[in-house]
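Asker: Chains A, B, C and D, in that order, are what the protein sequence lines are. Mapping to my numbering: the first sequence position 82 is 1499, numbers consecutive. Mapping to my numbering: the second sequence position 74 is 1491, numbers consecutive. Mapping to my numbering: the third sequence position 198 is 1615, numbers consecutive. Mapping to my numbering: the fourth sequence position 1 is 1418, numbers consecutive. Please see the structure below; I have some questions.
4 protein chains.
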Amino acid sequence: MTVRVGIIGVGVMGSDHARTLVANVPGAELRALCDADLASARAMADETGAKTAGSDPLAIINDPAIDAVLIASPDNTHRDLTLACLAVQKPVLCEKPLAPTAQECLDIVAAETRAGRRIVQIGYMRRFDPAYVEVKEALRSGQLGRALMLHCFHRNVSAPPWFDAGMAITNSAVHEFDIARWILESEFTSVRVFRPGASASGGAGSPVFLVLETSSGQLVNVETFNNAAYGYDVRGELVCEKGTVSLRSPVNSETSHKLIQSLPYPSDWRARFATAYRVQMQAWIKSVLTGSPAGASAWDGYASAAVAEAGLASLAEGRSIAIVLNRRPALYG
Amino acid sequence: MTVRVGIIGVGVMGSDHARTLVANVPGAELRALCDADLASARAMADETGAKTAGSDPLAIINDPAIDAVLIASPDNTHRDLTLACLAVQKPVLCEKPLAPTAQECLDIVAAETRAGRRIVQIGYMRRFDPAYVEVKEALRSGQLGRALMLHCFHRNVSAPPWFDAGMAITNSAVHEFDIARWILESEFTSVRVFRPGASASGGAGSPVFLVLETSSGQLVNVETFNNAAYGYDVRGELVCEKGTVSLRSPVNSETSHKLIQSLPYPSDWRARFATAYRVQMQAWIKSVLTGSPAGASAWDGYASAAVAEAGLASLAEGRSIAIVLNRRPALYG
Amino acid sequence: MTVRVGIIGVGVMGSDHARTLVANVPGAELRALCDADLASARAMADETGAKTAGSDPLAIINDPAIDAVLIASPDNTHRDLTLACLAVQKPVLCEKPLAPTAQECLDIVAAETRAGRRIVQIGYMRRFDPAYVEVKEALRSGQLGRALMLHCFHRNVSAPPWFDAGMAITNSAVHEFDIARWILESEFTSVRVFRPGASASGGAGSPVFLVLETSSGQLVNVETFNNAAYGYDVRGELVCEKGTVSLRSPVNSETSHKLIQSLPYPSDWRARFATAYRVQMQAWIKSVLTGSPAGASAWDGYASAAVAEAGLASLAEGRSIAIVLNRRPALYG
Amino acid sequence: MTVRVGIIGVGVMGSDHARTLVANVPGAELRALCDADLASARAMADETGAKTAGSDPLAIINDPAIDAVLIASPDNTHRDLTLACLAVQKPVLCEKPLAPTAQECLDIVAAETRAGRRIVQIGYMRRFDPAYVEVKEALRSGQLGRALMLHCFHRNVSAPPWFDAGMAITNSAVHEFDIARWILESEFTSVRVFRPGASASGGAGSPVFLVLETSSGQLVNVETFNNAAYGYDVRGELVCEKGTVSLRSPVNSETSHKLIQSLPYPSDWRARFATAYRVQMQAWIKSVLTGSPAGASAWDGYASAAVAEAGLASLAEGRSIAIVLNRRPALYG
């Protein structure tokens, strides 16, 4: 059986998903796509051989010839579109964040709980990145003892003018919230946000530094710096009682020239996480075929959104904010 | 259109190809496979959903329901099976080496030349490895000036007892012969083989060290050490007039424990070259669909075999051996 | 002229200083040493050829045949011994911290101010470490833009049972306070201390995580983990507007064995900072000869102690503590 | 007792030795120096406080107020000056090579043998480099098994116009000959020289590639590239039966900027081997004081010169040349 996929939104992220699906995922077919920008939809349809559904996401969701939906439209559309997929019980891979607010995520959790089975996967692709997988395996092996701290650094080359400190939390740091929860298998209990350089540069893309604590007494700190200029760079170190394990970024070659040994940085996340996106897509298609869920759930999407909301409060109030999650429905284990 | 593939030989290499095809290559279908060992054929057929053609490679090659053939059977079967594919004009990806001797390769070159179009691709997968691709690009960019030397190191954890110094050349070093020709875009003119530790360990898998010269005056040295014990490790450095460029091996994470910062080596080539094998397979399927050849040609297979033969002569005689290639047919550019 | 040096305290640190002086510093002579433990004093005197002054530090300080004094006795003796050196206007290199409390440091600052010239140097040897020097130079070069964040990690293999979270601040983190002030050329304005794993391990040597802010709006975070087990490891990354610069630890060789590429960690600070200690000692002797001060001043010692005290308050109270320094006397520029 | 040192020749190397001695070696005094260039002698005398002996090396050697002599004058003066030191039984540290020809070295060996004690040390400073020391220790530890191959790379930024392929062997590669003999504790038995790029660039400073074999069946290859342009870079890897150990070059910091992570190369050997030169000088002064020899002997100087001569023959004749050393006098163990 071939899974017929529809993609909603073919901006940078949706286009990348479309190409990944077409190039690397046997057992799937990119049947249709849509975008608010019709020219983008047309261009990507031409490139991939898919049909275009114009600008209408419901035409994708409700198309009986489409088995599964990938949502890569703007964050503020995620809730309604995901609920529409749930209404027709159609498997959905929704880009992160699941929704901008925790309450919207809870709406989805409630709908999925009513549906009685896992239908929604969130595009927290780092769970499929070999580096993070190895970090989690190192912790699970027990040889390093218990986890004490996780240091996370998330840097982009440049942020658009409208990217403010709040988005650094709700859009960038959520990756770290999710992966930390996945690695540590603990929930966050508090967050304190700091703004280095706030007085000086003030504007969009200046760094944000978060210190979080978990129910197991672990400390997680997250630097997000969306105007880091020098390159796209995601680092992480898990510090345990007996040792540490760190991510290494993929680098294929090094050059020596003009008194410098140099290693390249990618300019954005696509090169850094190409494997993660590919493996995530293959895992999602497999989960559609088998009915066995993979990756981050709607509940995980809610948990990260709740942490992000507490982060926004800390950013506004300049103090530690406690994080209290709802009770987890049995559907989410 | 879907390319229906048959695989001949499902040992370590053929099984890996089968899994890569099934997991990562849209537009292809693994239709059938065979192996001299019927149990292996049955097991891999069960795993992949392919049919088994028992132990008969011709049942694969001549099956009209199979569009393309992958040959991963023992080296000494390559010539006849590739000729059989050429006889029915069926696209073939033949594992390296194309054949154990230069003459056998020339037989294939002759048959393909008669066919008048490129049908044969050789599984020199390093041409699709991102690290080697970047080395070639760095040279082509011109910023490092002309290439002067290429230092190659090729180490395996352990060799089987029957793996002698000759096989280190004909089976291992051929990878370096091919990739050096591809990067340098020059042909080899001489080879001198040295045998470190020969008197002491003498046996299978002891290192072999080759010094080769190209028609452009470049020096290429190749160490193959098939009993290197410590890990599977392929290194390469291209030294140019103004700088150098080196391969880096993929490493996802590093661990600090017991006064050691440690980075893992893979135990064999599959992890090191997983990307290369995947991209090679996707490129081959695409070439079958488009008719536009990709990767190493039968001529490239002949050239590496000719270098290997000169290497065997040098190994036997302890002196430099000149390498003279036949005239290249127009089919090969 | 030869500078005749007396050393007070020949525990681990004082012995290391004695050996460094004798082996590497022309123009100086280790004349005498003392220690509360007479056997230690005797052993080090025998090793270095110095005289022993028994357990009496004043016999060193007041000896007219001694030109300069190095204090490496316990922290709680630093104030009185440094004041005794100031009383006789004898140049002194005092191990860090200058004193356990800010008030004690101010006593020394006051005495030196009365003396009217710089006599006291603090053993914040990192200012002489080539890696930190390069970080400071990179910032000063301007190519990376303004400094925004400094991430510091300070890990020891194991802490003695009496080493509590307060000492992690007053004894370990003070190194980071000093080097951050020196690199950033800013004063700290607030500190917030977090205790990862507090509930679980609770005891001595569990990690402490500090987030500090400077008068220039920079954020400095410091992890001190005195029971890190895996090795002695000091890391630092300065994040600027256009790029970052990071310390690299000295490693002379790497080994590949048993599927691991391994780089050694030192078991304590002596190997990591051997160059810094040597250069510091040479700079101190030169400053004694020339009368031109080098390294960290008594004021620097006070500033770090004041930050440490605020850190202790934050540790006790679980909130951010503001840091307000006294007015800097003109003597300290 | 203070060792009063005289330095003959204060070009780049001699000046560096003078500064190292003055800055880092207690127990020694730089008493006098001379140079064929009187202005250089005067300038370095002013800088170091030494007397100048004008351009007359014998005024240094025969000065009763000088206890030990460091020879850093041109290679072709080494034999006569070393013999003059031997004539007055004055300890001498002679820069490498001991002399341009094996026969000249044998003259010195003969004179020292007649003297009946070790008086001559050769400035093969790599024996004091921490990286090479660790490589030797790794081999001696036995954990890697027997040594099979040593891969050496020796690259300079640029060579003077008169620096030809012969000098690449007699002046550069001799470092590798010496350090390989020291690590492997074997003598060389043959050498084969290759000239990559010879036809193309032809001139001074183009690379030379040597393949040597030892009496223990080990293979040593040496690339010397004196116009490598990109930086001063010395690499080495010892390949053993069970694993390998490699040099790492000292790097204090790394910078991330403009999509590049960069590590600096030094522009010449002084930064790379600063520690080795310092430790060598301290060891030499100690050996003068104790009478116990350190470092490379006159015999070692002869052995490397003999290998270099065979290398010159191979360069001229394009074939392997056997290396046969004289019988080693008992003085050299």
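Every residue gets a Cβ at the ideal spot worked out from N, C-alpha and C, and that includes glycine. Just so we're clear, the structure is a prediction, and the values are computed from it rather than from any experiment.
What do you reckon, are the CB atoms on THR1469(D) and ALA1449(D) nearer than 8 Å?
Answerer: The residue you call residue 1469(D) lines up with position 52 of the fourth sequence. The residue you call residue 1449(D) lines up with position 32 of the fourth sequence. Against a cut-off of 8 Å, the Cβ pair of ALA1449(D) and THR1469(D) comes out as a contact.
Asker: Hey, does LEU1601(A) have any beta-carbon neighbour from chain C nearer than 8 Å?
Answerer: Translated into positions along the first sequence, residue 1601(A) becomes position 184. No, LEU1601(A) lies away from the interface with chain C (no Cβ there is under 8 Å from its Cβ).
Asker: In the DSSP assignment, the alpha helix (DSSP H) including ASP1463(A) goes from what residue to what residue?
Answerer: Reading the first sequence from its first residue, position 46 is the one you call residue 1463(A). Counting along the chain, the alpha helix (DSSP H) containing ASP1463(A) begins and ends at 1455-1465.
Asker: Kindly list the residues whose CB is nearer than 6 Å to the CB of PRO1508(A), restricted to its own chain and excluding five residues on each side of it in sequence; keep chain order.
Answerer: What you label residue 1508(A) is simply residue 91 of the first sequence in a count that begins at 1. Closer than 6 Å at Cβ, skipping near neighbours: ALA1485, ILE1536 and VAL1705.
Asker: I need the boundaries of the alpha helix (DSSP H) containing MET1566(A), first residue and last residue.
Answerer: Walking along the first sequence from the start, residue 1566(A) turns up at place 149. Per DSSP, MET1566(A) belongs to no alpha helix (DSSP H); it is in the beta strand (DSSP E), 1564-1572.
Asker: Is any beta-carbon of chain C found at less than 8 Å from that of GLY1653(B)?
Answerer: For the purposes of this step, residue 1653(B) is taken as residue 236 along the second sequence, with counting starting at 1. No - not a single Cβ of chain C is within 8 Å of the one on GLY1653(B).
Asker: Using a cut-off of 9 Å between C-beta atoms, extract the partners of PRO1443(A) located in chain B.
Answerer: If you number the first sequence from 1, residue 1443(A) lands on position 26. Neighbours of PRO1443(A) on chain B, chain order: LEU1438, VAL1439, ALA1440, ASN1441, VAL1442, PRO1443, GLY1444, ALA1445 and GLU1446.
Asker: Mind checking who GLY1423(A) pairs with in its DSSP beta bridge?
Answerer: As a first step, residue 1423(A) is located in the first sequence; it is residue number 6 there, counting from the start. According to DSSP, GLY1423(A) bridges with ALA1449(A) and VAL1486(A).
Asker: How is the alpha helix (DSSP H) around ILE1596(B) delimited, first residue to last?
Answerer: For this step, residue 1596(B) is matched to residue 179 along the second sequence. Unbroken alpha helix (DSSP H) run through ILE1596(B): 1591-1601.
Asker: For PHE1605(D), would you say it is in contact with chain B, using Cβ-to-Cβ distances shorter than 8 Å as the test?
Answerer: Within the fourth sequence, residue 1605(D) is the residue found at index 188, counting from 1. For PHE1605(D), the answer is no, since every Cβ of chain B falls outside 8 Å of its Cβ.
Asker: So, are the CB atoms of CYS1511(A) and ALA1722(A) less than 8 Å apart?
Answerer: The sequence position of residue 1511(A) within the first sequence is 94, counting from 1. The sequence position of residue 1722(A) within the first sequence is 305, counting from 1. Against a cut-off of 8 Å, the Cβ pair of ALA1722(A) and CYS1511(A) comes out as no contact.
Asker: Buried or exposed: GLY1559(A), going by 16 or more other Cβ atoms within 10 Å of its Cβ?
Answerer: Taking the first sequence and counting its residues from 1, the one referred to as residue 1559(A) is at position 142. By the 10 Å Cβ count, GLY1559(A) comes out exposed.
Asker: On a Cα-Cα basis, can you pick out the residue from ARG1612(A), VAL1662(A), VAL1608(A) and ILE1539(A) that is closest to ASP1372(A)?
Answerer: Summary: the structure shown does not reach residue 1372(A), with chain A confined to residues 1418 through 1750, and so no result is reported for it.
Asker: Is the Cβ of GLU1464(D) closer than 8 Å to any Cβ of chain C?
Answerer: Residue mapping note: residue 1464(D) aligns to position 47 of the fourth sequence, counting from 1. No, because no Cβ of chain C sits closer than 8 Å to the Cβ of GLU1464(D).
Asker: Assign PRO1481(B) to one of two classes, buried (16 or more other C-beta atoms within 10 Å of its C-beta) or exposed (fewer than that).
Answerer: One-based indexing of the second sequence puts residue 1481(B) at position 64. Classification of PRO1481(B): exposed, given that the 10 Å Cβ count is below 16.
Asker: Quick one: using the 10 Å Cβ neighbour count with 16 as the cut-off for buried, is ALA1582(A) buried or exposed?
Answerer: Numbered from its first residue, the first sequence carries residue 1582(A) at position 165. Buried, because 16 or more other Cβ atoms sit within 10 Å of the Cβ of ALA1582(A).
Asker: Sorted by chain position, which residues of the same chain lie with C-beta nearer than 8 Å to LEU1636(C)'s C-beta, five sequence neighbours on each side aside?
Answerer: Numbered from 1 along the third sequence, position 219 holds the residue referred to as residue 1636(C). So the qualifying residues of the chain are LEU1565, MET1566, LEU1567, VAL1628, LEU1629 and GLU1630.
Asker: Can you check DSSP and say which residues form a bridge with ASP1650(D)?
Answerer: Here residue 1650(D) refers to the residue found at position 233 of the fourth sequence. Partner(s): ARG1572(D).
Asker: Is GLY1735(B) helix, strand or coil by DSSP?
Answerer: Looking up residue 1735(B) in the second sequence gives position 318. Coil, per DSSP.
Asker: Roughly how many angstroms lie between the CA atoms of GLY1660(C) and TYR1647(A), to the nearest whole one?
Answerer: In the third sequence, residue 1660(C) corresponds to position 243, counting from 1. In the first sequence, residue 1647(A) corresponds to position 230, counting from 1. Roughly 5 Å between the two C-alpha positions.
Asker: Which residues of chain A have a Cβ atom closer than 8 Å to the Cβ of LYS1468(B), listed in chain order?
Answerer: Taking the first residue of the second sequence as 1, we reach residue 1468(B) at position 51. Within 8 Å Cβ-Cβ: nothing; LYS1468(B) doesn't reach chain A, min ~17 Å.
Asker: Measure from the C-beta of ALA1435(A) to each C-beta in chain B and report whether the shortest distance is under 8 Å.
Answerer: Within the first sequence, residue 1435(A) is the residue found at index 18, counting from 1. Closer than 8 Å: no.
Asker: Any Cβ of chain B within less than 8 Å of the Cβ of ASN1669(A)?
Answerer: As a first step, residue 1669(A) must be located in the first sequence, where it is residue number 252. Yes - at least one Cβ of chain B is within 8 Å of the one on ASN1669(A).
Asker: What's the C-alpha gap between ARG1421(B) and GLY1428(B)?
Answerer: On the second sequence, position 4 is the one that residue 1421(B) refers to. On the second sequence, position 11 is the one that residue 1428(B) refers to. Spanning the two alpha carbons is a distance of roughly 20 Å.
Asker: So, does the segment 1431-1440 of chain A touch the segment 1683-1698 of chain A, judging by three or more C-beta pairs under 8 Å?
Answerer: The segment 1431-1440 of chain A vs the segment 1683-1698 of chain A: in contact.
Asker: Look at the alpha carbon of THR1494(A) and the alpha carbon of ARG1563(C), and state the distance between them as a whole number of angstroms.
Answerer: Your numbering for residue 1494(A) matches position 77 in the first sequence. Your numbering for residue 1563(C) matches position 146 in the third sequence. Going from the Cα of THR1494(A) to the Cα of ARG1563(C) covers about 38 Å.
Asker: With distance defined between alpha-carbon atoms, name the residue in LEU1676(A), LEU1729(A) and GLY1712(A) nearest to MET1584(A).
Answerer: Counting from 1 along the first sequence, the entry for residue 1584(A) is found at position 167. It is LEU1729(A).
Asker: Using beta-carbon positions only, say whether LEU1500(A) and ALA1528(A) come within less than 8 Å of one another.
Answerer: Reading the first sequence from its first residue, position 83 is the one you call residue 1500(A). Reading the first sequence from its first residue, position 111 is the one you call residue 1528(A). Contact flag set, yes.
Asker: Tell me the rounded alpha-carbon separation between ALA1548(A) and ARG1652(A).
Answerer: As a first step, residue 1548(A) must be located in the first sequence, where it is residue number 131. As a first step, residue 1652(A) must be located in the first sequence, where it is residue number 235. The alpha-carbon atoms of ALA1548(A) and ARG1652(A) are separated by roughly 10 Å.
Asker: State buried or exposed for ALA1700(C), treating a residue as buried only when at least 16 other CB atoms are found within 10 Å of its CB.
Answerer: Reading the third sequence from its first residue, position 283 is the one you call residue 1700(C). Buried: at least 16 other Cβ atoms inside 10 Å.
Asker: Based on the DSSP secondary-structure assignment, which residues constitute the bridge partners of GLY1660(B)?
Answerer: Indexing the second sequence from 1 puts residue 1660(B) at position 243. In DSSP, GLY1660(B) forms a bridge with HIS1674(A).
Asker: Considering Cα atoms alone, identify which of GLU1671(B), THR1707(B) and ALA1504(B) is closest to VAL1662(A).
Answerer: Position 245 of the first sequence, counted from the first residue, corresponds to residue 1662(A). It is GLU1671(B).
Asker: Quick check on the DSSP output: the beta strand (DSSP E) that includes ASN1638(C) runs from which residue to which?
Answerer: Along the third sequence, read from residue 1 onward, the residue named residue 1638(C) stands at position 221. Counting along the chain, the beta strand (DSSP E) containing ASN1638(C) begins and ends at 1636-1642.
Asker: When you compare only the Cα positions, how much space is there between ILE1586(D) and GLU1604(D)?
Answerer: As a working note, residue 1586(D) is residue 169 in the fourth sequence. As a working note, residue 1604(D) is residue 187 in the fourth sequence. Their backbone Cα atoms lie some 17 Å apart in a straight line.
Asker: Can you tell me which of GLY1712(A), PRO1710(A), HIS1674(A) and ALA1453(A) puts its alpha carbon nearest to the alpha carbon of VAL1574(D)?
Answerer: Taking the first residue of the fourth sequence as 1, we reach residue 1574(D) at position 157. Nearest of GLY1712(A), PRO1710(A), HIS1674(A) and ALA1453(A) to VAL1574(D), Cα basis: HIS1674(A).
Asker: Does DSSP classify PRO1481(B) as helix, strand or coil?
Answerer: By one-based count along the second sequence, residue 1481(B) stands at place 64. Looking at PRO1481(B) - three-state DSSP - the assignment turns out to be coil, as it is neither helix nor strand.
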